[in-house]
Every structure is written in C-alpha cells, then in structure tokens.
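Protein chains in written order, with our numbering: chain L, 12 to 248; chain B, 12 to 248; chain F, 9 to 226; chain G, 9 to 226. Note that the Cβ used here is the ideal one computed from N, Cα and C, for glycine as well. Here the structure is laid out as structure tokens; the discussion comes afterwards.
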Amino acid sequence: MINRVVKNAEEALKGVKDNQTIMFGGFGLCGIPENCINQMIKMGTKGITAISNNAGVDDFGLGLLLQTKQIKKMISSYVGENEEFERQMLSGELEVELIPQGTLATRCLAAAYGMPVIYTPAGVGTEVAIGKEVRKFKYNGQEKEYLMEAAFEADFAIVKAWKGDTAGNLIFKSTARNFNPMMAMAGKITVAEVEQLVPAGELDPDQIHTPGIYVHRIFQGSHYEKRIEQRTVRKKN
Amino acid sequence: MINRVVKNAEEALKGVKDNQTIMFGGFGLCGIPENCINQMIKMGTKGITAISNNAGVDDFGLGLLLQTKQIKKMISSYVGENEEFERQMLSGELEVELIPQGTLATRCLAAAYGMPVIYTPAGVGTEVAIGKEVRKFKYNGQEKEYLMEAAFEADFAIVKAWKGDTAGNLIFKSTARNFNPMMAMAGKITVAEVEQLVPAGELDPDQIHTPGIYVHRIFQGSHYEKRIEQRTVRKKN
Amino acid sequence: MLDKNGIAKRIAKEVKDGMFVNLGIGIPTLVANFIPPGMSVELQSENGILGMGPFPFEGEEDADLINAGKQTVTLLKGSSIFDSAMSFGMIRAQKVDLTILGAMEVSENGDIANWKIPGKMVKGMGGAMDLVASAKNIIVAMQQVNKAGQSKLLPKCDLPLTGINCIKKVVTELGVYDILPEGGFKLIETAPGVTVDDIKKATAGKLVISEHVKEMAI
Amino acid sequence: MLDKNGIAKRIAKEVKDGMFVNLGIGIPTLVANFIPPGMSVELQSENGILGMGPFPFEGEEDADLINAGKQTVTLLKGSSIFDSAMSFGMIRAQKVDLTILGAMEVSENGDIANWKIPGKMVKGMGGAMDLVASAKNIIVAMQQVNKAGQSKLLPKCDLPLTGINCIKKVVTELGVYDILPEGGFKLIETAPGVTVDDIKKATAGKLVISEHVKEMAI
C-alpha cells in the first residue's frame, strides 16, 4: 500500500502557485472541497484558472475566491446565482469560458483516460464551435457533425469525497459525486479532502469510485457546512 | 421504476439472429455469461461476429461456440489457450481480428458514451495501424502519434454480473468485472445474467456499477460452474 | 390559455410507459407532477441520477442529494447515482428517450436558443447543449410570447443558439406545434379558449395550420 | 549467467518506493517475489486490480479473482477493482510508473516484438501494445539468446512489432542494457561469470560497452 495521507489542507496544497490551472470538484454547492477553498483564501494564490462546473454563490464555494479576486479565469458550464461573478464578468475583470456541461465532464475524462481529444456533438452550429474542428462521423446508425475537444490539463485537481482510505481510494456520496471522480483522475496532482478517512483495508475494493493511484494527497476535512442552494420540500399530509 | 426482468436465458435472447455482432463480457473464463452461452448453443445461432477479449478454452466459455462452429469472426485481444481456435484460424475457417486490449475496452466505452471515435497510441507503428488514421496530438506535455479507432456497434451485448435488481442495475464482483460494465453499456440490446436478482430498492444507489438504463433484459442464471483457468496457490507454512 | 401547470400537464401526455425522461429547469420540472401514478417512467437528472423522486419531506433534505436545478430531491426504488461523464455519456448514447426543456426562442427549422442574452444575461448553457445535440426526442415547454409581446416562435433565432435542427415539438400557453422536417410550426392543438387567429398573431415563424387542429384535452 | 529468478531479482532493484508497477506474464511475474518487504509498491494488473497480492493459500482460490495471466491471486489492504476501460485509461494516462514485460525480440532503437510469429503462433497482443505505447518506463525481461542460439537483441526486429521506440532497459541472463536514445544496447552490467566477450557473441544489434561495466550485485 502506498500511503497518500497528508495532515491537513495546508500540507495538501503545498506547491500551488500563482497562475496555475486548478480543477474544483462539485456541482453547485454540492460536493465542493470546502476546506481547500478556505485554505486557498488563506494562501492568497492569485491568477487562478478554475475549471469548475459552477462558480458557487456570492458568499460560499468558489464565490469566495471570486470575492477575493484570486480567480483570473473560469471554465464552467453554468454560472448563474452569483452577482459578484456577473459583475466581474461584465466589467471584464474576469475571463470566462463557457462550455457545455457534458463537454466539461468529458474533457476531464479524456485527461483521466489518456485520450488527447474527444468528439462530441454538443455545440455544433453554435458559438461554442467557433475555431474548433468539425467532423462528420456515423454513430448509432446516424451520421452527424461532431466537435473536437481537447483533454484538460490541470496542475492541480481538488476534490471532495465522502470516505477515503490511507491509500487514497475514494467513495462519493449521492449526487456529491458529480464531477469529483473525473477531476480526481484528471489532475497532474490530485488533492482529495474527505469527510471520513479510514485505514486501508476498511473499504470494499469493489466499491471504490476512484482508485488511489489517481489521488496524490488525501486528508480528513472538518467543519463541513454543506450549504443547500435550493431547499425544496413537500409537506407531509 | 422500469422493470427489466425476463424469465430466463431463452427469453433474454429472443430476437438474436444469424450473422449478428454480439459482445460477450468476461476475461478468460472469469465473469462470462455461462447461461447465455449455453442458450446460444441450444439456439444454434450461426455466423456470429463475437467481440470478446478472449475465446474461452476448448471445452468452456466461448470455446463451446467455436466447437459448434457458430462463430464466424472473433474480435479479441488474446486468444491463446485454445487449440480448436488455433486450428480454425490457421485453416481459415474462422476470421480473426486481433486488437489491443485497451483498444477493445475503449471502443466499448466509446459506444457506451456516444463517442464515435477515440484516439489511442496503442498499435502505432505496428500492423494494427494499417489502414487507420494516424494523427499527432499533445497529451501530458508530450507530442506523439495516435490511431483513430471507431466505437463498436453490437446488436447484442451479453454480460454477467454478480448482483442485479429488477430495474436492471448491476453490481460486479472482483475481477469478474473486467469488460462487463462497458459492454453492458455498449449493446443496442443488452442482456445481463446475474447470480442474484433482488427487488429494486435493495441495492445501494451509490454502489451500482451499471445503471439499469443500459440493461434491457435481466435474469437470474443458474448452475454457475465458474471454472478456474490457472489455479495458482501458495502453501501455508 | 394555459398556465405553467397546464403546459406541464399537456406535455405529460407525451410521456409513455417505459420511458427514461430528462426534465429541464422551470416548467419541465412540473411535468413530473402529471405523470399518471401507474406509469413506469424514470427521471434522469444530468448531475447524475436515474430514478429521481419528488422533493423530500420537510426536515429530510440532504445537501448531498440535489437535482440538476440544485433543488433537494429524493431517490426512488431502483435508482442509481453516477458521475457526470457517465451521465452525459448516456445522453450522447441516446439512452434517454425524451428530453423536455425550456427555451427563449425556437425557430421554424427546430433551432433553439436558451442560454445567453448578449450584454445582459450569461448564465451558461449547463447541460442543454449536450441534451439538444443528442436527444432523440425533444419537446420545448415555453411561453409563446415574451414580456414585450413579441413572439418567441421565429423564422430564425436572434439569440445565440443552443442547438440546431433539434426540436421536434413545442408546447406553449397557446398551443401544441410539431416542427416539420421541411421547416415550419405545424399547429396541431389549441389551448382552451384560444383561437387560430390568436395563434397567428403570436407566431412570427412560418405557421402551418393542420387540417385536424383540435382543442387540447387536458 | 542468471536463471529466471536471477533476472527477476535484478529487475526488482529497479523498483522504487512509492511505485505503481505492472508486471507481465512469465519472468516479470517473479519480480514481485523480490521486492523488499518494507517497500511500498502497488502492483497493477490490467484486467482491473490495483494492490494485487500473492497467490491465495490452497483452498482459498476465488474464480472471480484472477490476474492478467488468468492466475488466481489475492488482494492486499488498500486495493481497488475497476473495469477494463479505467484500467487502460490509467495506463494511457501514465499513472503506472513502471512496466516490466517479456519479449521475443528487442531492437537497438527500442522496438519490441512479443505477440506473433507469422504462420506459427498468434496468441494476440493482449494489453502489451497499450502498455508499451504509453508507459513512461519499460523494462524487458528476456532470454538474450533463443533456443536456436540466435540473439534476440537485434538491429531491427524481424517479427511483427508490438511497439516502437519504447523500451528503456533490457535485463537478460547475461547482462543489463540501457537502450540509448540515439540507438544501441549500452551494456552496464554483466551477470556473474559472464564476460564481455560472451555478451558480444550474444548481441546482434549495436552494442556499446560502458566504461563503467561492472558485475551485477544481486
């Protein structure tokens, strides 16, 4: 067993420098690496190119790193629910590259699986296609056009899992899984914070979502707020 | 919940015709759909193009369908351990397309994930590259050549899982997983035989390896022999 | 004229037994409320759920269990959770039978715009571009006329596109339209109390009046 | 001159703490027996294991748990199981630090042939083509001379290739060779009792004798 444990977020983020590309797991506020985001604020790392499906809200998640203006560029699929984001984007302070959600996921998968490019039909005929190779392929008996999209290159991937073991194996809970497994596999250096860190041997090898070979540093986070963005409920009758 | 249960192998393989392309899950004799293979022998389906990593052994696994000469063509990565196979191949009775194991796996994944083609470096500069597009890409800071490989098209995918539920969700056990999940996702019609079929709701949604949306027919198999190809042990001292 | 629930109710009639369905944010989400109880349908949420259930009871919300609209939801029996690569994999592989989503504009050749108003609003496309590029059957749920009184069924979309030649059917507060392969909105049903004249005024794109136009039965 | 175990023992010295290693069938499999007990190394088996352990005790074999050579094996603490797409995904993504495999022929520019003898033997390439195309560091374990007495270290491979320009090091019963970027087998160590003359006779490809050739210490 190769031990991947580090003490805390500080140790986990050693080597993060200004002007790097960093992936952040999570969908909305669900499954985001809260401890590492807080640590990034402490560190004051600047000029971040953030690959993340969303940008958090004004006062939580990646929104915090927008408030401190540590993010230079966002590569995301959906960035609503964030006024500060909108202000920085419209004023030109923040660079934004919007790409389809499936393209974002699959460009992570491409990096994870050593595929330099993938083809997707998402965005054909739209402004997303500008400057990209368009090529016809047959799939499922249908010929149509596809865009060539490149694997991401990220200096760090920072993800949040539910359980992890000392070998770096990760298990995600419910829809907090989202982008976390692919990003975990896509970083040059992958940092995972987990709610529960257990000794190697406690997790069922058949039930690992992300094998430890992809995870370079793992630690048990603390004080998870797990804020809910849209609390929707029904009444018992 | 959409119910995917059929009674048995006979019902599961309804509609299988001569001269179709069929994927068979398994690696060696590990995780192979024993019940369905036996049913195919009963049915006498001819002219099968089989996509399977291996060809079984002379008297078990796909080897049985070779004995009955039901297979016209094998698409595999490794076909040792099978004398009848070698005889048919050298005599020209059997068409054989050998492709790298990772290429086989990834062409299944491409079908499963709606990617018409993928690029892999496996086989560049070898006879596997003959007639294929070779293209240079940069990945992980390194520029090298890749082959373009197409997603498989299979009329049926036949897989074996450990547990399944009535909604078609699958869980695999240990290395009996191998090619089964990708093939399950890659068939136009996917048939899954399982050792244990349980009611929907009994499996943990976080631990499903193959979601039921990909699995069209599921049944509980019986009389699994699970033969071991290379029994290797050490002595207790 | 239909309200939002009316539009959702009408669309629910397009949902058939055994379908896997993806519902977008807004009116499409309401469709789930009108699927007949006996029908076997599974909802896919592109953040990684198959077999999505209704909102949780008060006090049972789980921050780790949300839908693509970031709302707290529940799981039904037989559900499964997967990562975003697999989620969009199954969308591209056309395993989802029906996609229902909102739009700002739809053109007579089936183009859709729903993610950006240049200079004003840029929330992003989320999963919409993936869905419209791959889905076999796409229905748009929308208001036919915008707040300024302009039709959103157009000869050509003005806003940046989400996808091209992809929409098969549109259901609005006024009627139900099939988009013809050769182009055009073919009116097949009118909403209760709505006349063909009302519809003509509210349709900027090419309108084809079916011989068999009937009033919606909902 | 080394026996198979000797070759494996020498190669084991190339394995470093913290490495993920893929061992091919044959001599490479034996390398696992010579990794020092205190060292943290995880073995990857391309059918879908990380953290592969030794053969099971008699009576504890599990038909569902085999390695890429189809042998019954065990799992160590911290192991994980995955499908073949992920397995070759991590191989292509160069997460495996060291690959050790057998060969029929190696050429002086690092080409390797190990999967086919036309007209005689066609077992298939299995995962070998994927491994040699992607691995950062590949060591070949082989006999330097075939049964007919011919060298298998060649100017150019005669047999169908498995991969090109990929082998970094070769360990045989006679010696250890680095393959030079400009081409050539650079002899760096001789096996006990083997002379440089013995090696010259057994090497058909370009041989470069290092100034610092020494006898292997194993």
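From the options, residue whose alpha carbon lies closest to that of residue i
i                      : options                    : result
residue 56 of chain G  : G:40, G:67, G:104, G:15    : G:104
residue 184 of chain B : B:155, B:206, B:163        : B:206
residue 242 of chain B : G:186, G:78, G:50, G:15    : G:78
residue 14 of chain B  : F:22, F:16, F:26           : F:26
residue 26 of chain L  : L:200, L:218, L:137        : L:200
residue 175 of chain F : F:197, F:199, F:140, F:184 : F:140
residue 151 of chain B : L:154, L:127, L:112, L:229 : L:127
residue 157 of chain G : G:207, G:164, G:195, G:187 : G:207
residue 188 of chain G : G:165, G:52, G:164, G:215  : G:215
residue 54 of chain B  : B:84, B:71, B:22, B:68     : B:22
residue 111 of chain B : B:236, B:65, B:59          : B:65
residue 125 of chain B : L:139, L:153, L:141, L:142 : L:153
residue 51 of chain B  : B:139, B:40, B:69, B:75    : B:75
residue 234 of chain L : L:24, L:20, L:19, L:46     : L:46
residue 114 of chain G : G:164, G:30, G:53, G:194   : G:164
residue 20 of chain L  : L:68, L:123, L:169         : L:169
residue 119 of chain G : G:38, G:53, G:191, G:41    : G:191
residue 219 of chain B : L:203, L:182, L:228        : L:182
residue 62 of chain G  : G:80, G:54, G:48           : G:80
residue 186 of chain F : F:116, F:121, F:153, F:151 : F:116
residue 24 of chain F  : F:47, F:12, F:39, F:199    : F:47
residue 149 of chain L : B:69, B:122, B:90, B:71    : B:122
Pair within 8 Å by beta-carbon distance, residue i and residue j
i                      : j                      : result
residue 61 of chain B  : residue 82 of chain B  : yes
residue 149 of chain F : residue 19 of chain F  : yes
residue 187 of chain L : residue 173 of chain L : yes
residue 16 of chain L  : residue 177 of chain L : yes
residue 204 of chain G : residue 217 of chain G : yes
residue 44 of chain B  : residue 38 of chain B  : no
residue 210 of chain G : residue 159 of chain G : yes
residue 88 of chain G  : residue 216 of chain L : yes
residue 238 of chain L : residue 71 of chain F  : yes
residue 170 of chain F : residue 143 of chain F : no
residue 195 of chain B : residue 221 of chain B : yes
residue 9 of chain F   : residue 181 of chain F : yes
residue 15 of chain G  : residue 35 of chain G  : yes
residue 224 of chain F : residue 184 of chain F : yes
residue 190 of chain B : residue 18 of chain B  : no
residue 63 of chain B  : residue 73 of chain B  : yes
residue 106 of chain F : residue 221 of chain F : no
residue 12 of chain B  : residue 50 of chain F  : yes
Anticipated Cβ contact below 8 Å, residue i with residue j, distance rounded
i                      : j                      : result
residue 75 of chain F  : residue 94 of chain F  : In fact, because the Cβ distance is near 17 Å, the residues do not count as touching under 8 Å.
residue 124 of chain G : residue 167 of chain G : 7 Å
residue 108 of chain G : residue 147 of chain G : 5 Å
residue 90 of chain F  : residue 247 of chain L : About 30 Å separates the two Cβ atoms, so there is no contact after all.
residue 240 of chain B : residue 40 of chain B  : 5 Å
residue 32 of chain L  : residue 166 of chain L : 5 Å
residue 93 of chain B  : residue 67 of chain B  : 7 Å
residue 203 of chain L : residue 92 of chain F  : With a Cβ gap of about 17 Å, residue 203 of chain L and residue 92 of chain F do not count as contacting.
residue 77 of chain B  : residue 95 of chain B  : 5 Å
Which of helix, strand or coil DSSP assigns to residue i
i                      : result
residue 76 of chain G  : coil
residue 61 of chain B  : strand
residue 236 of chain G : An answer regarding residue 236 of chain G cannot be provided, because it is not within the stretch 9 to 226 covered by chain G.
residue 98 of chain B  : helix
residue 68 of chain B  : strand
residue 183 of chain F : strand
residue 88 of chain B  : coil
residue 88 of chain G  : strand
residue 137 of chain F : helix
residue 211 of chain F : coil
The stretch 130-137 of chain F touching the stretch 148-158 of chain B, judged by at least three CB pairs closer than 8 Å: no
Validate contact between the stretch 207-214 of chain B and the stretch 93-111 of chain G using beta carbons, cut 8 Å, 3 pairs: no
Cβ contact (3+ pairs, closer than 8 Å) linking the stretch 81-92 of chain G and the stretch 89-107 of chain B: no
Cβ-based contacts, 9 Å cut-off: residues of the stretch 131-143 of chain L near chain A: Absence of chain A from the displayed structure is noted, the protein chains being L, B, F and G.
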